[in-house]
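Asker: Taken in sequence, the protein lines are chains A and B. When we follow our numbering, the leftmost residue of the first sequence carries the number 9, and every step to the right adds one. When we follow our numbering, the leftmost residue of the second sequence carries the number 7, and every step to the right adds one. Glycine included, C-beta positions come from ideal geometry on N, C-alpha and C.
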Amino acid sequence: MTKVGVVGAGMTLFRRRLQETGKEMCFEATKMALDSAGLTRGDVDMVVCGTAPDAFDGVAMKGEYLLDGSGGYRKPYTRVFTGGGTGVFSTIAGWWHVASGLADVVLVVNEEKMSSCQPHPQSVFANIWDPILDRPLKPNLVWIFAMEMNRYMTVYGVKKEDIARVAVKNKRNAVGHPCAQLADPNITVDDVLNSEVMAWPVQRLDISPPSDGASAVILASEDFIRKRHIKDRAWISGVGWCIDSTMWTDRDLVFPEYVARAAKHAYKMAKIDEPRRQIDFAEPYDPFDYKELHHLEGLLLADKGEAPVLTREGVTERDGKLPVCPSGGLLGVGNPIAATMGMKIGELFWQLTGQAGKRQIPHEVHTGVSQAWGDLMQYGSVVVMKG
Amino acid sequence: MTFLDRTTDARKFRHWEGDVEADYIYTSGVAGERFFVALRDEGRMLASRCTACKLDYLPPRMFCEDCFAELTEYVDVPRTGRVAAVTVAHVDRTGAKLSHPQVWAFVTFEGIRGGLLHRLLVAPKQARAGLSVQARLKSRDGRTGTIVDIEGFEPVRSRF
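1. Alpha carbon to alpha carbon, how far is valine 341 of chain A from proline 127 of chain A? Give it in angstroms, no decimals.
2. Just confirm the distance between the C-beta atoms of isoleucine 152 of chain A and methionine 385 of chain A, as a whole number of angstroms; I'd bet it's less than 8 Å.
3. I believe glycine 382 of chain A touches threonine 94 of chain A by the beta-carbon criterion, under 8 Å. Please report the beta-carbon distance rounded to the nearest angstrom.
4. Keeping to the same chain, check which residues put their C-beta closer than 7 Å to that of glycine 117 of chain B; ignore five residues upstream and five downstream.
5. For isoleucine 195 of chain A, verify whether its CB is less than 7 Å away from any heavy atom of the ligand FAD.
6. In whole angstroms, give me the CA-to-CA distance for alanine 102 of chain B and lysine 18 of chain B.
7. Could you work out which residues of chain D lie near glutamate 27 of chain B, taking near to mean beta carbons separated by less than 7 Å?
8. Going along the chain, which residues of its own chain have a beta-carbon closer than 6 Å to the beta-carbon of proline 218 of chain A, five neighbours each way excluded?
9. Glycine 35 of chain B and threonine 324 of chain A - do their beta-carbons sit closer together than 8 Å?
10. May I have a chain-ordered list of the beta strand (DSSP E) segments no shorter than 3 residues that lie completely inside the region 222-258 of chain A?
11. Can you tell me the Cβ-Cβ gap for alanine 207 of chain A and asparagine 148 of chain A, rounded? I've got them flagged as a contact below 8 Å.
12. By Cβ distance, which residues of its chain are closer than 7 Å to threonine 93 of chain B, with the 5 residues on each side in sequence left out?
13. Going along the chain, which unbroken runs of the beta strand (DSSP E) with 3 or more residues stay wholly within the region 136-212 of chain A?
14. Tell whether a beta-carbon distance below 8 Å holds between valine 52 of chain A and isoleucine 233 of chain A.
15. Give the straight-line distance between the Cα atoms of arginine 320 of chain A and glutamate 314 of chain A, rounded to the nearest whole angstrom.
16. Since I believe valine 106 of chain A is in contact with alanine 224 of chain A (beta carbons under 8 Å), could you give me their beta-carbon distance rounded to a whole number of angstroms?
17. Spell out a yes or no on whether the region 299-312 of chain A and the region 261-270 of chain A are touching, meaning 3 or more CB-CB pairs, one atom from each, closer than 8 Å.
18. So the alpha helix (DSSP H) glutamate 355 of chain A belongs to, where does it begin and stop?
19. Going by alpha carbons, who is nearest to proline 144 of chain A out of B:Asp25, B:Pro107 and B:Asp15?
20. Does any CB atom of chain A fall closer than 8 Å to the CB of phenylalanine 19 of chain B?
21. Tell me which residues share the same chain as glycine 66 of chain A and place their Cβ nearer than 7 Å to its Cβ, disregarding the 5 neighbours each side in the sequence.
22. Nearest to threonine 361 of chain A by alpha carbon, out of A:Lys394, A:Arg87, A:Gly184 and A:Met40?
23. From this set, A:Gln27, A:Thr20 and A:Gly306, which residue's C-alpha is nearest lysine 39 of chain A's C-alpha?
24. Who are the neighbours of asparagine 118 of chain A on chain B, taking C-beta pairs under 9 Å?
25. When we look at the beta-carbon of aspartate 294 of chain A and count the other beta-carbons within 10 Å, is it buried (16 or more) or exposed?
26. Which residue wins for smallest C-alpha separation from valine 113 of chain A, given the options A:Ala17, A:Gln286, A:His185 and A:Ala228?
27. Taking C-alpha atoms, which residue in B:Arg40, B:Val89 and B:Leu143 lies nearest to arginine 55 of chain B?
28. Compare the C-beta of glycine 38 of chain B against all C-beta atoms of chain A and say whether one is closer than 8 Å.
29. Hey, how far is the Cα of valine 132 of chain A from the Cα of aspartate 62 of chain A?
30. Could you spell out the range, first to last residue, of the beta strand (DSSP E) harbouring tryptophan 381 of chain A?
31. Drop a sphere of 10 angstroms on the beta-carbon of isoleucine 31 of chain B, count the other beta-carbons inside from all chains shown, and report buried for 16 or more, exposed for fewer.
32. Name the residues in the region 58-78 of chain B whose C-beta lies less than 8 Å from a C-beta of chain A; which are they?
33. Does serine 335 of chain A pass the burial test, meaning 16 or more other C-beta atoms within 10 Å, or should it be called exposed?
34. Counting C-beta neighbours from all protein chains within 10 Å, is the total for proline 370 of chain A 16 or more, i.e. buried, or is it exposed?
35. Which of helix, strand or coil does DSSP assign to cysteine 56 of chain B?
36. I'd like to check one pair, tyrosine 73 of chain A with lysine 31 of chain A: are the Cβ atoms closer than 8 Å?
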């Protein structure tokens with residue numbers, strides 16, 4: 009199998025509404041990634057586009073619509089989507105293009121323009137529910153998360169304060185991110201606890217809002233990296249993905265088994281048998297503050313029920329023993345579904361190549377793991393990268 | 007029971023009637039803003055120019071899809087274009103018969119990459135590829151900066 013490295017990354021501003029069309033956002037992110045790698049579109053063999061169902065942007069055949077801005081014109085081009093999991097999964101899809109020996113250079117471009125949907129993309133999310141069992145009850149997507157969060161709190165006796173610390177950490181971490189929509193250097197746990205209740209126990213500041221944005225990464229074979237003397241690269245050493253039951257009522261709401269299975273697959277490939285010792289930092293998916301805790305446990309970086317304790321003790325701060333979401337994550341930078349790749353794969357690349365600027369982890373890091381969560385809230389995708 | 011025996015009326019079964027409601031506001035984007043403001047305010051049609059590839063894009067794009075340069079230079083599209091292809095619609099999207107058949111055309115312009123889809127303002131019998139046409143715009147007061155500021159394309163009348 010060909011060894012694959014990430015050699016460039018780019019992303020747009022994340023905002024509630026950008027003037028740019030979806031394809032214009034793709035162009036901006038792609039151009040930044042190409043420029044940062046010192047490559048041109050001519051160097052790219054194949055393109056993978058990751059983007060949510062057509063209803064979100066309101067453009068049917070959205071992958072085809074985005075292809076010119078994504079650099080896909082007259083190239084082998086594929087659209088993939090696994091819900092929010094696309095934030096990491098599209099890179100896995102790009103990886104197999106190169107690892108298989110089929111391509112030397114692959115561009116991965118993720119995009120969402122969630123502002124088009126009026127008055128709020130929640131009206132599209134409403135259609136993911138089972139049409140017979142759930143939709144007659146007119147449920148809101150936040151209900152599921154609220155129940156999952158409530159179950160997690162109930163089983164382990166977790167206090168809301170300890171969950172709110174995740175939102176505070178990530179929104180503060182995002183202060184150093186030039187694309188951030190939700191950075192706040194002064195936010196406190198009380199701010200989170202006093203924010204509007206959406207569906208108890210989920211409050212306004214526990215959750216990341218919809219955003220417009222795009223991100224891009226460039227993957228290349230070891231041969232290509234050597235021949236072109238590319239210095240800034242981070243190797244993809246393990247990948248994994250897994251999906252749980254289609255019925256959310258049949259899942260373990262306390263422990264994300266789908267993440268654990270994806271992580272074990274990726275760790276085995278990366279020859280990691282003691283993740284807590286061998287992984288230096290993590291970018292788990294954090295659309296809600298409790299999900300970062302959930303996912304840390306799924307990634308086997310914390311024992312069951314232990315993630316809130318590690319958070320309270322400062323272990324997951326940027327200068328802690330296990331920095332978690334040093335990018336600022338979805339809670340701090342924003343949540344344009346698939347485009348969150350910028351904080352997951354992009355951040356691993358920037359941290360491992362020493363290009364994270366104000367977000368750079370102060371101590372040396374060699375191995376990072378990123379994870380995204382999606383489909384109908386039962387999908388995990390995991391990538392391990394080494395410097 | 008064969009396939010043909012099955013009912014095609016879903017209401018004969020236990021069922022729930024749902025709808026997928028979704029409304030959208032689409033931004034015209036960076037290049038679109040230039041195009042539609044010039045169309046509305048000055049009655050001009052602009053293309054964006056890629057100097058490296060020596061081509062002009064209509065509708066304008068903010069980037070060249072080929073060399074991937076950002077495009078910031080805009081040029082006027084020639085006033086007269088040519089009908090590349092036509093169709094005459096007789097039924098609407100629900101399948102209902104239109105009271106008057108509609109003529110639609112793909113119009114291209116010399117030296118320009120791309121073109122526009124729009125109404126061709128001729129009788130169905132006169133619709134044919136190769137016609138020389140010009141855009142007919144709404145009056146300035148009626149223009150709002152959208153593609154329907156153009157009413158359609160009409161044949162260029164010979165001065166001789």
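Answerer: Taking the definition as stated:
1. 22 Å
2. 6 Å
3. 6 Å
4. Asp62
5. As for the ligand FAD, it is missing from this structure, which has no ligand bound.
6. 27 Å
7. Absence of chain D from the displayed structure is noted, the protein chains being A and B.
8. Met122 and Pro129
9. no
10. 242-251
11. 7 Å
12. Trp110
13. 205-207
14. no
15. 10 Å
16. So it is not a contact: roughly 15 Å between Cβ atoms.
17. yes
18. 349-360
19. B:Asp25
20. no
21. Ser124 and Cys125
22. A:Lys394
23. A:Thr20
24. By Cβ distance, chain B contributes nothing, its closest Cβ being about 18 Å from asparagine 118 of chain A, past 9 Å.
25. buried
26. A:Ala228
27. B:Arg40
28. yes
29. 10 Å
30. 375-382
31. exposed
32. Arg67, Met68, Phe69, Glu71, Asp72, Cys73, Phe74 and Glu76
33. buried
34. exposed
35. strand
36. yes
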